[in-house]
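Counting from 1, one number per residue, gives the positions in the sequence shown under the numbering used here.
Think of the CB as a built atom: it goes at the ideal place given N, C-alpha and C, for glycine as much as any other residue.
Because the structure is a prediction, the values reported are computed rather than measured.
The next block holds one structure in the form of structure tokens; read it before the comments.
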Amino acid sequence: MSTTADVASRPGRNESLSLRRALALLEVCAQETDPAGLTAAEIGRRLGVHKSTVLRLAAPLLESELLRRDPTSGRFRLGPGALRLGHAYLSSLDVETVAAGALDDLARASGCLAVLTVPDGVHVRLVAHRSGPGSAGRFPGRIPSTVPMHCSATGKAILSVAGAATVERVVTAGLPSATGRTITDPGELRAELVRTRRRGFAVDDRELDADLRAVAAPVLDHTGGVVGALALVAPAARMPAAAVQEHARAVVLAARAVTRRLGGAVIGPREASPAPAEDHQVRRGA
């Protein structure tokens, strides 16, 4: 019968522990904001290990250039090998591939149509969609490949974080009416974008299609730039005003997850948490 000491002494277990500690060491260095880096003693205190253990764990990381050690100060920081790994990871990503699972989950859980769009000039372009249970056949001919930013949920979600220059391009291009509920006044659009950014999601209350509602949240990449938006779309009867909050929360969480996978920083808690109900009431009634 094996004792605890016997198990702990097995090479496989020790190697696994060393690997976990080495990865934790890299994480500590990655989180350090001081460009000078950290001493072995400082790393040891954060990891709860002796300085000698830090030096042992760091040796192969230095050889692979995942870490650098200043020859004068002896401080550690991330090395060029970490940058190469990061570039390799980012170059293998595209928003459609990364968002595929999130679209599947959103559609399945909500029963709505889940869509992913990307910016395309003053429009958004549909790149992927999934039909939820019961939603198939409810959108005959209603999934256009491009739609104006100002009257779509994904467009407004993107505009809310895209910056003033992008908003001005959209306004300058004109705000044509798609339905009687479309925002066509530049001042009203800007106010809507402020609300959208504050609560972390956009609402299309029959502004693009008189029969449809949608909620959307932006997706960011590692540069902090907006690369797309996720949305749930449904006939207004199947997404009543009272259901907007629930669907918005799901979309925000999904967009955060995709953003993290793209190496982006998620929007802060205040901005990204769905706001109180009075802050996202559908315009001009339900």
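Where residue i falls: helix, strand or coil (DSSP)
i: LEU62; result: helix
i: PRO186; result: helix
i: ALA265; result: coil
i: ARG256; result: helix
i: LEU67; result: strand
i: HIS50; result: coil
i: THR196; result: helix
i: ALA178; result: coil
i: GLU27; result: helix
i: LEU208; result: coil
i: GLU32; result: coil
i: GLU271; result: Residue confidence is low: GLU271 scores 42 on pLDDT, short of 50, so the model does not pin down where it sits. Its coordinate-derived value is still stated next. Helix, per DSSP.
i: HIS280; result: Residue placement at HIS280 is poorly supported in this model, since its pLDDT is 49, which falls under 50; the coordinates still yield a value, given next. HIS280 falls in the coil class under three-state DSSP.
i: GLU246; result: helix
Identity of the residues DSSP links to residue i by a beta bridge
i: VAL219; result: GLY228
i: ALA234; result: ARG213
i: GLY202; result: It should be pointed out that residue 202 corresponds to Ala in this sequence rather than to Gly. Its beta-bridge partners are ALA216.
i: LEU38; result: PHE76
Proximity below 8 Å, CB of residue i to CB of residue j
i: PHE288; j: LEU38; result: The shown model of the chain, from 1 to 286, leaves out residue 288, and the question about it has no answer.
i: ILE143; j: HIS129; result: yes
i: LEU212; j: ALA248; result: no
i: PRO133; j: PRO176; result: no
i: ALA214; j: VAL233; result: yes
i: LEU57; j: CYS29; result: no
i: ALA178; j: LEU220; result: no
i: VAL170; j: HIS150; result: yes
i: ALA250; j: ALA100; result: no
i: LYS51; j: ALA40; result: yes
i: ARG261; j: VAL98; result: yes
i: THR259; j: VAL266; result: yes
i: LEU116; j: SER145; result: no
i: VAL167; j: ARG198; result: no
i: PRO218; j: ALA255; result: yes
Within the chosen definition, does the segment 41 to 61 reach the segment 25 to 32 through at least 3 CB pairs nearer than 8 Å?
-> yes
Quick one: complete beta strand (DSSP E) runs, 3+ long, within the segment 76 to 149?
-> 76 to 78, 113 to 120, 123 to 131, 146 to 148
Secondary structure, alpha helix (DSSP H): runs of 4+ residues fully inside the segment 145 to 176 | 153 to 162, 164 to 173
Looking at C-beta atoms only, is the number of pairs between the segment 148 to 159 and the segment 225 to 236 that lie closer than 8 Å three or more?
-> yes
Touching by the beta-carbon criterion (3+ pairs, under 8 Å), the segment 88 to 104 and the segment 194 to 205 = no
Report yes or no: do three or more beta-carbon pairs, one from the segment 99 to 113 and one from the segment 79 to 90, lie closer than 8 Å?
-> no
Does the segment 218 to 226 come close enough to the segment 160 to 179 to have 3 or more Cβ pairs within less than 8 Å?
-> yes
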